[in-house]
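Heads up: the protein sequence lines correspond to chains A and B, in order. Numbered by the UniProt record's numbering, the letters in the first sequence go through residues 1 to 189 in order. Numbered by the UniProt record's numbering, the letters in the second sequence go through residues 1 to 189 in order. Yeah, the Cβ is synthetic: ideal placement off N, Cα and C, and Gly gets one too.
There are 2 protein chains.
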Amino acid sequence: MSARQRLIRTAADLLVGSGVEAVTLRGIAKAAGVSHGAPLRHFSGRAELLSAVATLGFTQLLQRGAQLPDGTPRERLTAACHAYVDFAVTNPAMFELMFRRDLIDPEEPGLVAASSAVFDTFAELVRLDRAEADDDRLRPGTDPRLVAASLWGALHGLAQLWLWGGLAGASFAPSPESALAVTLDAYLG
Amino acid sequence: MSARQRLIRTAADLLVGSGVEAVTLRGIAKAAGVSHGAPLRHFSGRAELLSAVATLGFTQLLQRGAQLPDGTPRERLTAACHAYVDFAVTNPAMFELMFRRDLIDPEEPGLVAASSAVFDTFAELVRLDRAEADDDRLRPGTDPRLVAASLWGALHGLAQLWLWGGLAGASFAPSPESALAVTLDAYLG
DNA sequence: CCCCGAGTGTAGACACCGTCTACCTACTTT
DNA sequence: AAAGTAGGTAGACGGTGTCTACACTCGGGG
Chain A
1 MSARQRLIRT
11 AADLLVGSGV
21 EAVTLRGIAK
31 AAGVSHGAPL
41 RHFSGRAELL
51 SAVATLGFTQ
61 LLQRGAQLPD
71 GTPRERLTAA
81 CHAYVDFAVT
91 NPAMFELMFR
101 RDLIDPEEPG
111 LVAASSAVFD
121 TFAELVRLDR
131 AEADDDRLRP
141 GTDPRLVAAS
151 LWGALHGLAQ
161 LWLWGGLAGA
171 SFAPSPESAL
181 AVTLDAYLG
Chain B
1 MSARQRLIRT
11 AADLLVGSGV
21 EAVTLRGIAK
31 AAGVSHGAPL
41 RHFSGRAELL
51 SAVATLGFTQ
61 LLQRGAQLPD
71 GTPRERLTAA
81 CHAYVDFAVT
91 NPAMFELMFR
101 RDLIDPEEPG
111 LVAASSAVFD
121 TFAELVRLDR
131 AEADDDRLRP
141 GTDPRLVAAS
151 LWGALHGLAQ
161 LWLWGGLAGA
171 SFAPSPESAL
181 AVTLDAYLG
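Structure follows, in structure tokens:
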């Protein structure tokens with residue numbers, strides 16, 4: 001394994017193990033057993049290394065999408081929505097890093113390719129579902145990609161809000177599953 | 001105006017003017033014309049100062065909710081949803097700070113009070129709408145606060161995803177308005 | 001009147017961070 | 001054998017949050 005790959009792996013392990021605050025260049029170097037300046041031999045800076053880690057996160061998310069069980073388009077789409085929220089809840093640090101513009105480089109080609117692949121896969125699930133369902137809850141003829149963007153946002157915000165802290169302070173703290181059920185009910189009936 | 005209030009104002013101005021990266025204790029002190037250690041006379045640390053700024057942000061958001069035009073519950077709820085996304089798009093730095101757990105103290109009493117007030121106001125709008133509408137798209141009897149959490153998450157994710165970068169890279173970049181229209185269509189028909 | 005304690009600001013130090021640069025070592029290629 | 005390159009090391013610089021010692025300005029009790 002190349003030194004570059006080893007650094008990415010070490011950073012990812014450190015991320016899931018100690019949170020996004022711990023993923024510092026010097027911390028990664030120490031965890032990898034090299035001197036503090038060594039990572040800069042393989043990455044132009046912190047943003048490039050963390051972008052590679054975030055790309056790994058999107059790839060993992062994409063793999064989850066590829067492992068959906070067989071079934072009707074509706075069942076597959078529902079499973080994908082659950083998988084997205086589940087991914088965020090079970091990998092909070094990775095999920096946070098993937099959308100932290102200040103830590104990664106949003107223009108990095110590999111990163112936009114990986115995130116676009118996730119979106120395209122998700123949009124295709126939406127398209128297949130809408131092509132089959134006849135009792136269309138949404139305005140007919142709406143671009144499936146637009147529906148996918150809206151639904152992705154709904155899932156994303158749900159996960160983000162839940163990670164942020166009980167969705168709304170102490171007064172009312174629904175589980176992500178119950179809120180997700182409402183969201184899916186709204187979109188898919 | 002107390003020195004504490006002046007620091008909060010200075011920090012808020014610096015935030016909207018130069019982004020969340022510029023809101024550093026030393027930067028705020030310099031902008032306020034005091035020495036780098038002065039802010040610690042009034043705040044226990046950076047998190048407490050930034051929590052006060054975020055509280056200000058939630059208060060501004062609440063004021064927007066109080067300025068909704070009169071109309072049917074449905075119209076008021078729709079306007080509130082637009083206002084939320086509009087707030088995020090027009091105040092991206094403040095919006096980001098309000099949900100950055102690493103910069104603020106999520107347990108800070110004033111902050112949870114302000115964010116809970118926003119949620120409660122929004123949940124009340126949802127409750128009034130659902131009490132009136134008879135063609136219920138969602139499962140009847142669902143707790144309005146649960147619906148509010150789901151819908152808030154949808155709005156929040158939409159704003160977050162759009163701020164993150166075109167919602168999905170270069171291949172497909174809908175405007176927040178068009179995606180919001182789909183979201184409202186899903187929830188409110 | 002003096003003094004002194006509380007509130008506020010200053011300046012320096014410390015550890016940590018990202019980044020840059022100079023140097024060094026081992027291996028590959030010609 | 002010579003040369004070049006990939007990779008690692010060590011030190012420096014400026015920036016950051018935080019702590020601590022010190023100074024200055026008040027208003028009220030001896």
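Give the secondary structure of residue i by DSSP, where H, G and I count as helix, E and B as strand, and everything else as coil.
i	result
E21 (chain B)	helix
S175 (chain B)	coil
S2 (chain A)	coil
F58 (chain A)	helix
E107 (chain A)	coil
S44 (chain A)	coil
L151 (chain B)	helix
T72 (chain B)	coil
D86 (chain A)	helix
R139 (chain A)	coil
Q63 (chain A)	helix
residue 227 (chain A)	No answer is possible for residue 227 (chain A): the residues shown for chain A start at 1 and end at 189.
F99 (chain A)	coil
A113 (chain B)	helix
G189 (chain B)	coil
D134 (chain B)	coil
Would you mind sorting residue i into buried or exposed? The rule is 16 or more other CB atoms within 10 Å of its CB.
i	result
M98 (chain B)	buried
P39 (chain A)	buried
A12 (chain B)	buried
P109 (chain B)	exposed
T90 (chain B)	exposed
E96 (chain B)	buried
P176 (chain B)	buried
A113 (chain A)	exposed
In its own chain, which residues sit with a C-beta less than 7 Å from the C-beta of residue i, not counting the 5 before and 5 after it?
i	result
V126 (chain A)	L77, P144, V147, A148 and L151
L56 (chain A)	I8 and A12
Q67 (chain B)	none
D16 (chain B)	Correcting the residue type first, residue 16 (chain B) is Val in the shown sequence and not Asp. Excluding positions up to five away in sequence, the list reads N91, A93 and M94.
E132 (chain A)	P73
S35 (chain A)	A29
A123 (chain B)	P144, R145 and A148
L138 (chain B)	V147
Spatial neighbours of residue i within its chain, please: CB distance less than 6 Å, with the 5 preceding and 5 following residues excluded, ordered by chain position.
i	result
L50 (chain B)	L103 and I104
L163 (chain A)	P92
S115 (chain B)	F58
T121 (chain B)	G65
A22 (chain A)	L14
residue 206 (chain A)	The structure shown has nothing for residue 206 (chain A), since chain A only spans 1 to 189.
For my contact list, residue i and residue j are in at a C-beta cut-off of 8 Å; report their separation, rounded to the angstrom.
i	j	result
D129 (chain A)	R64 (chain A)	Rounded, the Cβ-Cβ distance is 18 Å, inconsistent with contact.
A159 (chain A)	A93 (chain A)	Not confirmed; about 13 Å, so no contact.
Y187 (chain B)	A186 (chain A)	5 Å
A32 (chain B)	R6 (chain B)	6 Å
A54 (chain B)	L14 (chain B)	With 8 Å as the limit, A54 (chain B) and L14 (chain B) do not qualify as a contact, their Cβ atoms being about 14 Å apart.
A80 (chain B)	P69 (chain B)	Incorrect: roughly 11 Å between the Cβ atoms, too far for contact.
D134 (chain B)	G189 (chain B)	Not confirmed; about 12 Å, so no contact.
L161 (chain A)	H82 (chain A)	Actually they are not in contact, since the Cβ atoms of L161 (chain A) and H82 (chain A) sit about 17 Å apart, beyond 8 Å.
T142 (chain A)	V182 (chain B)	6 Å
G37 (chain B)	P106 (chain A)	Actually they do not touch by this definition, with Cβ atoms about 35 Å apart.
Output needed for residue i: all residues of its chain with C-beta closer than 8 Å, excluding positions within five of it in sequence on either side, in chain order.
i	result
T10 (chain A)	I28, A31 and A32
A117 (chain B)	F58 and L62
S178 (chain B)	none
V20 (chain B)	A93, E96, L97, R100 and L103
R41 (chain B)	A3
P140 (chain B)	none
So, do the segment 140-155 of chain B and the segment 42-57 of chain B have three or more beta carbon pairs nearer to each other than 8 Å?
-> no
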